[in-house]
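What follows is a set of notes on a single structure, which appears directly below.
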């Protein structure tokens, strides 16, 4: 097993650490914005540099169809493609494909392109190969993501198939050309069932990946159900490898997952909320479309004076949003990402200071309202 | 008459100069991008600063309806509103209104809002008042813009009404609160008829504005018709005040108008072209959507190495455009504006160097193809 994570401080199960990759390192807890088609919506790599983003996601499903993994490879791989020297991570494509009602068998998943209806098959082997072509620093193994909630039998089948695919995906990755410059993470499934989560964690860690993700816990689930399943997983994961909660990015969700030993997060929500005028602020969510902000000369969040949009008033930004000027989603995206990066930096600082529990309570106080 | 323009160099009728305002000064020839609703599409004032934009337009018609001139005023006026310390100019609203088939009489123009169908009236007096509220450095008098081509009688009536409105609009401006901090420009109409253009120029200059615009020459006209009408106007305009050709922004059009003594230009075309993937380059127009660029690692324009998007490949930018990522129109807009600002700087340099005719021929060689 390759040690890829060093904890610099812990507070209970919460960890402040560093993930080591072939490219270098990044600090955790870490929030990773989603650059679906090779760009975070409305932003460029220059913006991500200015925001001090550490890791940016890209979606294998989208890039394999447009422009094609071969085209990304010809253009120098994902980093050169987007001219981004920070870290990158690609999902396996599975999550999008399973939302398209694919035909799944033991071999893989057959699906139709949303772009042109053409038929494609993704297998554990081809997912590893395509992600090697795209060339992110971290690739994800192909897993089975059943819709949630599903009957226990469906979840159990998904856990078994995920485990079988993990072995095949890992073997393909290890035999591939990028083993020295990419990490590959396994994915633990199992719904909210603690026993199935444990079984999936054991089966997945037995394959020996470079890090582990928790899949299928963030979508359509009552959060009160997820804590035990999450804790059951993280206590079985190796301490010296990173843990990644897929699809989670709200402040309370992040502190609750960090409390159970998770290091990495991604979510489209902070950027999607921004595009619709919902701002993350030091006093909680703020709906910028409210009429009261029409003539406000205050900045979006007086508690975040270093926001990249602090120079513009709520009134101006609300106006741009209301008349659908594309400048608005861009500026509001910059704010939400800046805010969230600052938030996870605060989570990290609270762990280093041994004050994580107090910070966690503070977060609940602001965001549970 | 207030001297508001100083020619630093001339070459034939072409002028390289400086426009003086209450805010400061800007160099000419000058291209002014259009920030319709208080922002150039996809850009912020931070971007315009990075591009070294000198003057940005805003549309009175749009701002008076959304968010309302009173709201812009409450938020500190156009500069504070957009947090833009460069120069600004507002059109009168007439151009948009006349495209909506308004009811026009001697008093003003009655029109329906495109936002909610509500009815509004714009008069020469209210146009001056509303633009004073918005607070740009330069406001434009309300003129009559007949559709082109129109019968001579329609153009003649427009010239007469434009002259009458000019007197009323000027009187309202001079009696208003912003006479010390805004300029007001008159507008010459007259279609492509040299005699009507002369008459309009004489009637408009008799009112004594701070600068003069040429309206109604850029839309739907065969360019070969426009040279004589334009030259007839500029030779009647005061030498120590700026001349602004409304709605023109292509390289050949700019050098031809500069050759006839014009100083200022605005146009939505460079930014609109960008959003559709048509790039302005040192070798002419380039359609980025062409399949040949899919795997090109070259920058958009190797001849413009200081383009703000030079770090990204044609292949990457084309991909973002093809999959409709909003990052694409933003980056391509940055390129086209950077290119056009560089172009007018070259026009200026050629005048200062006494090489304008050679540069003008070079421009035709690149762009007439």
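Protein chains in written order, with the working numbering: chain A, 1460 to 1828; chain B, 1460 to 1828. Heads up, the beta-carbon is just placed ideally off N, CA and C, and yes, glycines get one too. Note that the structure is a prediction, hence the values are computed from the model and not measured.
Exercise for the section: May I ask you to report which of helix, strand or coil DSSP gives residue 1651/A? Expected result: For this step, residue 1651/A is matched to residue 192 along the first chain. Coil at residue 1651/A, not helix or strand.
Practice task
Report yes if the CB atom of residue 1832/A is closer than 9 Å to the CB atom of residue 1669/A, and no otherwise.
Solution key: Past the boundaries of the shown model lies residue 1832/A; chain A is included only from 1460 to 1828, so the question cannot be answered.
Problem - Neighbourhood of residue 1556/B by C-beta, 7 Å cutoff - its chain only, sequence neighbours within 5 removed - result: For the purposes of this step, residue 1556/B is taken as the residue at position 97 of the second chain. Listed in chain order, the non-local C-beta contacts of residue 1556/B below 7 Å within the same chain comprise 1520, 1568, 1570, 1581, local neighbours out to five positions each way being set aside.
Practice task
Output yes if chain A places a C-beta closer than 9 Å to the C-beta of residue 1552/B; else output no.
Solution key: As a first step, residue 1552/B must be located in the second chain, where it is residue number 93. Contact of residue 1552/B with chain A is not assigned, every C-beta pair being separated by 9 Å or more.
Exercise for the section: Hey, could you find the ends of the beta strand (DSSP E) residue 1670/A is sitting in? Expected result: For the purposes of this step, residue 1670/A is taken as residue 211 along the first chain, with counting starting at 1. Run containing residue 1670/A: 1670-1673, per the beta strand (DSSP E) assignment.
Handout entry: Rounded separation between residue 1737/B and residue 1597/A - CA only
Key = In the second chain, counting from the first residue as 1, residue 1737/B sits at position 278. In the first chain, counting from the first residue as 1, residue 1597/A sits at position 138. C-alpha separation (whole angstroms): 36 Å.
Handout entry: Neighbourhood of residue 1777/A by C-beta distance below 7 Å, restricted to the same chain and skipping five residues each side
Key = Within the first chain, the letter at position 318 stands for residue 1777/A. Cβ within range, chain order: 1747, 1748, 1752, 1753.
Exercise for the section: Tell me where the alpha helix (DSSP H) around residue 1692/A begins and ends. Expected result: Here residue 1692/A corresponds to residue number 233 of the first chain, with the count starting at 1. Here the alpha helix (DSSP H) through residue 1692/A covers 1682-1693.
Handout entry: Whole-angstrom distance between residue 1664/A and residue 1560/A, CA atom to CA atom
Key = As a first step, residue 1560/A is located in the first chain; it is residue number 101 there, counting from the start. As a first step, residue 1664/A is located in the first chain; it is residue number 205 there, counting from the start. Each residue's alpha carbon lies about 28 Å from the other.
Problem - Nonlocal neighbours in the same chain, by C-beta distance under 7 Å from residue 1743/B, ignoring five residues either side - result: Position 284 of the second chain, counting from 1, holds the residue named residue 1743/B. Taken in chain order, the residues that qualify are 1825, 1826, 1828.
Problem - Selected residue, minimal CA-CA separation from residue 1574/B, among 1782/A, 1622/A, 1484/A, 1726/A - result: As a position in the second chain, residue 1574/B is number 115, starting the count at 1. Put simply, of 1782/A, 1622/A, 1484/A, 1726/A the residue whose alpha carbon is nearest the alpha carbon of residue 1574/B is 1782/A.
Exercise for the section: Let me know the secondary structure DSSP gives residue 1715/A once reduced to three states. Expected result: On the first chain, residue 1715/A is found 256 positions in, with the first residue counted as 1. Here DSSP, grouped into helix, strand and coil, assigns residue 1715/A to helix.
Problem - Rounded C-alpha distance that separates residue 1771/B from residue 1503/A - result: Walking along the second chain from the start, residue 1771/B turns up at place 312. Walking along the first chain from the start, residue 1503/A turns up at place 44. Taking the CA atoms as reference points, residue 1771/B sits about 10 Å from residue 1503/A.
Handout entry: Cα-Cα separation between residue 1832/A and residue 1671/A, rounded to whole angstroms
Key = Nothing about residue 1832/A can be reported from this structure: the residues present for chain A run from 1460 to 1828 only.
Handout entry: Expected contact under 8 Å - CB spacing of residue 1631/B and residue 1583/B to nearest Å
Key = In the second chain, counting from the first residue as 1, residue 1631/B sits at position 172. In the second chain, counting from the first residue as 1, residue 1583/B sits at position 124. About 7 Å; that satisfies the 8 Å criterion.
Handout entry: Unbroken beta strand (DSSP E) run spanning residue 1612/A, endpoints
Key = Sequence index remark: in the first chain, residue 1612/A carries index 153 (1-based). Element bounds for residue 1612/A: not the beta strand (DSSP E) but the alpha helix (DSSP H), 1611-1633.
Problem - Interface flag, residue 1501/B vs chain A, CB-CB below 9 Å - result: Within the second chain, residue 1501/B is the residue found at index 42, counting from 1. So yes, residue 1501/B belongs to the interface.
Handout entry: Which listed residue (1550/A, 1687/A, 1586/A) has its alpha carbon closest to that of residue 1566/A
Key = One-based indexing of the first chain puts residue 1566/A at position 107. When 1550/A, 1687/A, 1586/A are compared, the shortest CA-CA separation from residue 1566/A is found for 1586/A.
Practice task
On a CA-only basis, which of 1564/A, 1530/A, 1527/A, 1716/A is nearest residue 1704/A? Give me that one, please.
Solution key: The residue given as residue 1704/A occupies position 245 in the first chain. Sorting 1564/A, 1530/A, 1527/A, 1716/A by C-alpha distance to the C-alpha of residue 1704/A places 1716/A at the top.
Problem - Proximity test, Cβ basis, 9 Å: residue 1595/A and chain B - result: Stepping through the first chain from its first residue, residue 1595/A is reached at position 136. Not one chain B Cβ lies under 9 Å of residue 1595/A.
Exercise for the section: Find out if the Cβ-Cβ distance for the pair residue 1491/A, residue 1465/A is shorter than 9 Å. Expected result: Here the question's residue 1491/A lines up with position 32 in the first chain. Here the question's residue 1465/A lines up with position 6 in the first chain. Cβ atoms of residue 1491/A and residue 1465/A: not closer than 9 Å.
Handout entry: Contact under 9 Å by Cβ, residue 1862/A with residue 1811/A
Key = Absent from the model: residue 1862/A. The displayed extent of chain A is 1460 to 1828, so no value can be given.
Exercise for the section: State the start and end residues of the unbroken beta strand (DSSP E) segment that holds residue 1597/B. Expected result: Residue mapping note: residue 1597/B aligns to position 138 of the second chain, counting from 1. Under the DSSP assignment, residue 1597/B falls in the beta strand (DSSP E) whose first and last residues are 1597-1599.
Practice task
Check whether the stretch 1681-1701 of chain A touches the stretch 1650-1658 of chain A, counting contact only when three or more Cβ pairs, one atom from each stretch, lie closer than 8 Å.
Solution key: Using a Cβ-Cβ distance cut-off of 8 Å, the stretch 1681-1701 of chain A and the stretch 1650-1658 of chain A are in contact, since at least three pairs of beta carbons, one from each stretch, lie closer than that value.
Practice task
Buried or exposed for residue 1763/B, please, with buried defined as at least 16 other CB atoms from any protein chain shown within 10 angstroms of its CB.
Solution key: Along the second chain, read from residue 1 onward, the residue named residue 1763/B stands at position 304. With 16 or more other Cβ atoms from the protein chains shown falling within 10 Å of its own Cβ, residue 1763/B counts as buried.
Practice task
Mind reading off the beta-carbon distance from residue 1708/A to residue 1799/A? Whole number of angstroms is fine, and I expect it under 8 Å.
Solution key: Translated into positions along the first chain, residue 1708/A becomes position 249. Translated into positions along the first chain, residue 1799/A becomes position 340. The C-beta distance from residue 1708/A to residue 1799/A rounds to 7 Å, short enough to fall under 8 Å.
Problem - Buried versus exposed, by CB contacts within 10 Å (16 or more), residue 1546/A - result: For this step, residue 1546/A is matched to residue 87 along the first chain. Classification of residue 1546/A: buried, given that the 10 Å Cβ count is 16 or more.
Exercise for the section: Please state if the CB of residue 1537/A and the CB of residue 1593/A are separated by a distance shorter than 9 Å. Expected result: By one-based count along the first chain, residue 1593/A stands at place 134. By one-based count along the first chain, residue 1537/A stands at place 78. Yes, Cβ-Cβ distance for residue 1593/A and residue 1537/A is below 9 Å.
Exercise for the section: Compare the beta carbon distance of residue 1602/A and residue 1551/A with 9 Å and say whether it is the shorter of the two. Expected result: Walking along the first chain from the start, residue 1602/A turns up at place 143. Walking along the first chain from the start, residue 1551/A turns up at place 92. The answer is yes: Cβ separation under 9 Å.
Exercise for the section: Taking the CB atoms as reference points, tell me whether residue 1526/A and residue 1774/B lie closer together than 9 Å. Expected result: Start at 1 with the first residue of the first chain, and residue 1526/A comes out as number 67. Start at 1 with the first residue of the second chain, and residue 1774/B comes out as number 315. In this structure, residue 1526/A lies near residue 1774/B, with their beta-carbon atoms less than 9 Å apart.
Exercise for the section: Please state whether DSSP places residue 1531/A in a helix, a strand or coil. Expected result: As a working note, residue 1531/A is residue 72 in the first chain. DSSP places residue 1531/A within a helical segment (H, G or I) once states are collapsed to three.
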